[in-house]
Amino acid sequence: MQQHESLREQLLAEVEAIAPILAEHAPESEKLGRLDDATVKALRTTHLLRFLCPRELGGDEADPITQMEVLEALARTDASTSWVVGNLALGSAYAGAFLPARSAQRIFADGVPSMAGMNAPRG
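Residue numbers (our numbering): 1440 to 1562.
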């Protein structure tokens, strides 16, 4: 439990630290239809793009409550940034969790990549 609380505090502190940058650049991101470069650069200084990824691949493997609190904190500043972070973090988490071990080791060899994809239930 203490490990979850420590990670939650760290991630929320990172959100708070970059919130002024996100708020300042939100209008530009909206105009561009994507996150602007300053926002992406700020995100890359944090663990926010890897916080869902399995630990054995370099991620933080955040628990579900931490995940929601972090995305909620981001959304208070800029909902679009929260949406992008959630999707990119989930992309690497799914890849890390479900790829064959050999493939995952190769893809994650240089750290947790930013990945986006589509998840469609089949059945």
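Ideal placement from N, C-alpha and C gives every residue a C-beta, glycine not left out. On a predicted model such as this, the values are computed, not experimentally measured, just so you know.
Ranked by Cα distance from A1518, the options E1469, I1504, A1528 are led by E1469.
About 19 Å separates the beta carbons of T1505 and L1461, which is beyond the 8 Å limit, so they are not a contact pair.
Check the Cα spacing between R1545 and each of L1496, A1481, E1463: the tightest is with L1496. By the Cβ criterion, the segment 1521-1540 is in contact with the segment 1483-1497, since at least three pairs of Cβ atoms, one from each stretch, lie closer than 8 Å. The residues I1460, H1464, in chain order, have a CB closer than 7 Å to that of A1477 in the same chain once the five nearest residues on each side in sequence are set aside.
In this structure, L1488 lies near L1527, with their beta-carbon atoms less than 8 Å apart. Beta-carbon to beta-carbon, E1508 and L1451 are separated by about 7 Å, close enough to satisfy the 8 Å threshold. Taking 8 Å as the cut-off, the beta carbon of M1557 is found no closer than this to the beta carbon of S1531. A Cβ-Cβ separation of about 17 Å leaves L1471 out of contact with V1524 under the 8 Å criterion. For L1538, there is no enclosing alpha helix (DSSP H), as DSSP marks it with neither H nor E.
In the DSSP assignment, R1483 falls within the unbroken alpha helix (DSSP H) covering 1476-1483. DSSP places P1552 in no alpha helix (DSSP H); its state is neither H nor E.
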